Amino acid sequence: MATDNTRYTRTPRSENLKWVDYMVHLMDNQFKLPGTNFRFGLDPLLGFVPVAGDLASFGMSAVLVLTMARHGASGKLVALMLVNIGLDALIGSIPLVGNIFDFAFKANQRNVRLLRAYYEEGKYRGSGKNIIIGAIIGLVVLLGLLLWALWELAEWVYSWLASYF
Numbered sequence: 181m182a183t184d185n186t187r188y189t190r191t192p193r194s195e196n197l198k199w200v201d202y203m204v205h206l207m208d209n210q211f212k213l214p215g216t217n218f219r220f221g222l223d224p225l226l227g228f229v230p231v232a233g234d235l236a237s238f239g240m241s242a243v244l245v246l247t248m249a250r251h252g253a254s255g256k257l258v259a260l261m262l263v264n265i266g267l268d269a270l271i272g273s274i275p276l277v278g279n280i281f282d283f284a285f286k287a288n289q290r291n292v293r294l295l296r297a298y299y300e301e302g303k304y305r306g307s308g309k310n311i312i313i314g315a316i317i318g319l320v321v322l323l324g325l326l327l328w329a330l331w332e333l334a335e336w337v338y339s340w341l342a343s344y345f
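At position 61 of the sequence shown (counting the first as 1) the number is 241 in our numbering, and the numbers step up by one without a gap.
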């Protein structure tokens with residue numbers, strides 16, 4: 181029996197992940213703006229449909245991350261990918277600003293780059309606890325700022341209405 185010294189590792193180009201490349205291309209780079217090198221996909225176009233479009237885009241991105249996680253991605257890598265799609269969903273849900281952001285950010289393409297760096301360069305190994313903790317802290321701060329802004333708006337509306345009555 182001959183020994184085989186070949187070391188097999190899963191790569192982003194494996195048969196099981198071909199559809200990930202296809203879906204990422206469809207979501208982030210399917211179309212080209214004529215006369216430029218600027219490419220975009222269905223993700224920013226779905227953003228023009230209020231709520232349902234953003235949910236569909238987030239759902240597809242989540243399925244892609246889940247697929248990559250099932251094919252051996254580390255906790256740290258999955259956490260970074262979730263931060264990317266979370267930012268895309270959070271900022272993408274803001275009217276007008278979010279639509280512009282969706283054309284530029286391309287979360288799925290960023291996630292594939294992270295996956296390639298993971299497999300080819302050995303980056304993003306280990307647990308994603310610190311990333312998750314940082315994201316939670318960021319969300320709590322963001323929620324606090326949002327509540328403060330709503331309070332200030334309510335005070336302004338109350339004082340404005342009180343001046344008329």
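Backbone N, C-alpha and C define an ideal beta-carbon position, used for all residues, glycine too.
Just so we're clear, the structure is a prediction, and the values are computed from it rather than from any experiment.
- Item | Proximity of residue 260 and residue 304 at Cβ, strictly below 8 Å | When the beta-carbon positions are compared, residue 260 and residue 304 come within less than 8 Å of each other.
- Determine the closest residue to residue 307 out of 224, 254, 203, 210, with distance taken between C-alpha atoms. Of 224, 254, 203, 210, the residue nearest in Cα terms is 254.
- Item | Complete alpha helix (DSSP H) runs within the segment 244-272 (minimum length 4 residues, chain order) | List check, alpha helix (DSSP H) in window: 255-272.
- Message: Can you look up residue 309 in the DSSP assignment and give me helix, strand or coil?
- Response: In the structure shown, residue 309 falls within a helical segment according to DSSP collapsed to helix, strand and coil.
- What's the gap between the Cα of residue 279 and the Cα of residue 234? Rounded to whole angstroms, the separation of the alpha carbons of residue 234 and residue 279 is 10 Å.
- Task: Go ahead and pull the three-state DSSP assignment for residue 198.
- Result: Residue 198 falls in the helix class under three-state DSSP.
- Report the option in 340, 243, 331 whose CA atom is closest to the CA atom of residue 199. Ranking 340, 243, 331 by CA distance to the CA of residue 199 puts 243 first.
- Looking only at C-alpha atoms, which of 227, 230, 245, 262 sits nearest to residue 315? Considering only alpha carbons, the answer is 262.
- Quick one: what's residue 211 bridged to in DSSP? Per DSSP, 220.
- Look at the Cβ atom of residue 347, then the Cβ atom of residue 269, and state whether they are nearer than 8 Å. Here the chain comprises residues numbered 181 to 345, so residue 347 is not present and cannot be evaluated.
- Query: What distance in whole Å lies between the Cβ atoms of residue 220 and residue 283, which are believed to be in contact at a cut-off of 8 Å?
  - Reply: At roughly 5 Å, the Cβ-Cβ gap stays under 8 Å, so residue 283 and residue 220 are in contact.
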